[in-house]
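Residues 1 to 234 in the UniProt record's numbering are what the sequence shown lists, from first letter to last.
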Amino acid sequence: MRSDGVVHPAWQELGDLVVPRACGGCGAPGHRWCPGCTDELAAAVHPGCVVGHLGGVPVWAGGDYRGALRALVRGYKDGGRRDLRPVLAQVAVDPLRAALAAVTAEGGGPAGERPVLVVPAPSRARTRRARGDDPVSDLARAAVARLGDEGVQVRLVLRTRGVARDQSGLSRTERRRNLAGRVGVRDGVTLPRGAAVLLLDDVVTTGATLAACRDALRQTGVHRIGAVCCARVP
Ligand SMILES: [Zn+2]
Numbered sequence: 001m002r003s004d005g006v007v008h009p010a011w012q013e014l015g016d017l018v019v020p021r022a023c024g025g026c027g028a029p030g031h032r033w034c035p036g037c038t039d040e041l042a043a044a045v046h047p048g049c050v051v052g053h054l055g056g057v058p059v060w061a062g063g064d065y066r067g068a069l070r071a072l073v074r075g076y077k078d079g080g081r082r083d084l085r086p087v088l089a090q091v092a093v094d095p096l097r098a099a100l101a102a103v104t105a106e107g108g109g110p111a112g113e114r115p116v117l118v119v120p121a122p123s124r125a126r127t128r129r130a131r132g133d134d135p136v137s138d139l140a141r142a143a144v145a146r147l148g149d150e151g152v153q154v155r156l157v158l159r160t161r162g163v164a165r166d167q168s169g170l171s172r173t174e175r176r177r178n179l180a181g182r183v184g185v186r187d188g189v190t191l192p193r194g195a196a197v198l199l200l201d202d203v204v205t206t207g208a209t210l211a212a213c214r215d216a217l218r219q220t221g222v223h224r225i226g227a228v229c230c231a232r233v234p
C-alpha cells in the first residue's frame with residue numbers, strides 16, 4: 001500500500017488472479033498471491049529507490065529482501081512457482097523505469113536515439129540445466145513487457161563459463177573469486193554503438209555478480225551501465 005493508503009490498480013489486478021493453488025507468500029488456498037500478501041508486498045516496495053553503488057554500478061532495487069518480497073523471490077526462483085512471474089515482474093517495473101530515466105538522462109538525449117538494453121544477469125550453465133529454464137531471463141522479458149517502452153529491449157548478452165559454485169552462501173571475497181574472469185559476452189553478440197545497459201537480477205547481495213558483468217560489458221565498449229533488481233539484501 002502507498003503512503004496515501006491506495007493500492008495501485010496494477011497490484012490489485014495481480015492479487016485478483018485466482019488459481020486453484022496456494023498463495024506463494026503465506027500458503028492461503030485459492031490464490032497464487034493472496035490479497036494480504038499483495039498489501040504486504042506493495043508496502044515493501046519503494047518505487048525508484050536507488051540503493052547506491054554495488055559492484056561499481058548504480059543499483060535500483062524494488063525493496064529489501066525480507067518478508068513478502070523474500071517469499072516471492074524464493075518461491076519464483078527456487079520454489080518452482082514460475083506462476084509468480086507476473087507478480088515479481090511488477091516489482092521490477094518501477095526500479096526499471098527509474099534506472100531507465102537515469103541512464104537516458106546521462107546520455108543527454110531521448111531514449112529512442114540511444115538504445116537501452118536490459119541484460120539479464122547470467123545463470124551458471126549447470127544451474128540452468130538443473131532448473132530446465134532461465135528464470136532471470138524470463139523475469140526480464142516479463143518486466144520489460146510491463147514497462148511498455150518500445151525503445152527498451154531484452155538482450156541475452158552475457159554467459160558464464162566454469163563458475164565453480166553457486167553464489168549463495170559464499171562470502172563477499174569468495175563470491176568475487178568464484179566469478180573472476182568467468183563472466184563474458186556470448187559469442188557473436190555485438191552491441192549497438194552508444195547503447196546503455198541495464199543489468200537485471202532478482203536479488204543483489206554483495207554486487208560481485210554485477211562487478212563481473214560490468215567488466216565483461218566494458219570490454220564491448222559499453223560504458224553506461226546500471227543495474228535493476230527486485231530485492232536488495234540489506
Ligand atoms: Zn498470501
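Ideal Cβ positions, reconstructed from N, Cα and C, are used throughout, including at glycine. Remember, it's a predicted structure, so these values are computed and weren't measured experimentally.
Grouping DSSP H, G and I as helix and E and B as strand, with all else coil, what is residue i?
i, result
"Asp-201", "strand"
"Leu-69", "helix"
"Pro-58", "strand"
"Gln-153", "strand"
"Thr-173", "helix"
"Leu-191", "coil"
"Asn-37", "The sequence as given places Cys at residue 37; Asn does not occur at that position. In this structure, Cys-37 counts as helix in the three-state DSSP scheme."
"Thr-220", "coil"
"Thr-160", "strand"
"Arg-2", "Residue placement at Arg-2 is flagged as unreliable, the pLDDT there being 45, under the threshold of 50; the coordinate-derived value follows with that caveat. Coil."
"Arg-232", "strand"
"Gly-226", "strand"
"Gly-43", "The sequence given here places Ala at residue 43; Gly does not occur at that position. If DSSP states are grouped into helix, strand and coil, Ala-43 belongs with the helices."
"Pro-95", "helix"
"Ala-22", "strand"
"Pro-115", "coil"
"Pro-135", "helix"
"Asp-166", "coil"
"Arg-81", "coil"
"Gly-207", "coil"
"Ala-148", "According to the sequence provided, residue 148 is Gly. The question's Ala does not apply to it. Of the three classes helix, strand and coil, the one that applies to Gly-148 here is coil, per DSSP."
Kindly list the residues whose CB is nearer than 8 Å to the CB of residue i, restricted to its own chain and excluding five residues on each side of it in sequence; keep chain order.
i, result
"Thr-209", "Gly-55, Ala-121, Gln-167, Arg-175, Leu-179, Val-183, Asp-201"
"Pro-234", "Asp-64, Tyr-65, Arg-66"
"Ala-111", "Note that Ala-111 scores a pLDDT of 49, beneath 50, so its modelled location is shaky; the value from the coordinates is reported in the next line. For Ala-111, where only same-chain residues beyond five positions count, the Cβ hits under 8 Å are Leu-100, Thr-104, Asp-149, Gly-151, Val-152."
"Leu-185", "It should be noted that the sequence gives Val, not Leu, for residue 185. Cβ within range, chain order: Val-157, Leu-158, Arg-159, Ala-216, Leu-217, Gln-219, Thr-220."
"Thr-190", "Thr-220"
"Arg-172", "Thr-206, Ala-208"
"Arg-70", "Ala-231"
"Val-73", "Tyr-65, Leu-88, Asp-202, Val-203, Cys-230, Ala-231"
Could you tell me which residues DSSP puts in a beta bridge with residue i?
i, result
"Pro-120", "Leu-200"
"Val-183", "Thr-160"
"Asp-64", "Arg-232"
"Gly-52", "Val-59"
"Pro-29", "Ala-22"
For residue i, collect the residues of the same chain with a Cβ closer than 6 Å to its Cβ; drop the 5 residues on either side in sequence, then sort them by chain order.
i, result
"Leu-198", "Ala-99, Val-118, Gly-226, Val-228"
"Ala-142", "Arg-85, Ala-89"
"Pro-115", "Pro-192, Ala-195"
"Ala-212", "Leu-179, Val-183"
"Tyr-76", "Leu-84, Leu-88"
"Val-51", "Val-59, Ala-61, Arg-232"
"Ala-140", "Val-118, Pro-120, Val-154, Leu-200"
Between residue i and the rest of its own chain, which residues show a CB-CB distance below 7 Å, the 5 nearest in sequence each way excluded?
i, result
"Arg-146", "Ala-89, Gln-90, Val-93"
"Arg-21", "Arg-32"
"Arg-214", "Gly-55, Gly-56, Val-57, Ile-225"
"Val-222", "Leu-191, Ala-195, Val-197"
(request) Would you list the residues whose beta-carbon is nearer than 6 Å to any heavy atom of ligand 1, in the order they occur in the chain? (result) Cys-23, Gly-25, Cys-26, Ala-28, Cys-34, Gly-36, Cys-37
(request) Kindly confirm or deny that the segment 66-75 and the segment 35-44 touch, where touching means at least three C-beta pairs closer than 8 Å. (result) yes
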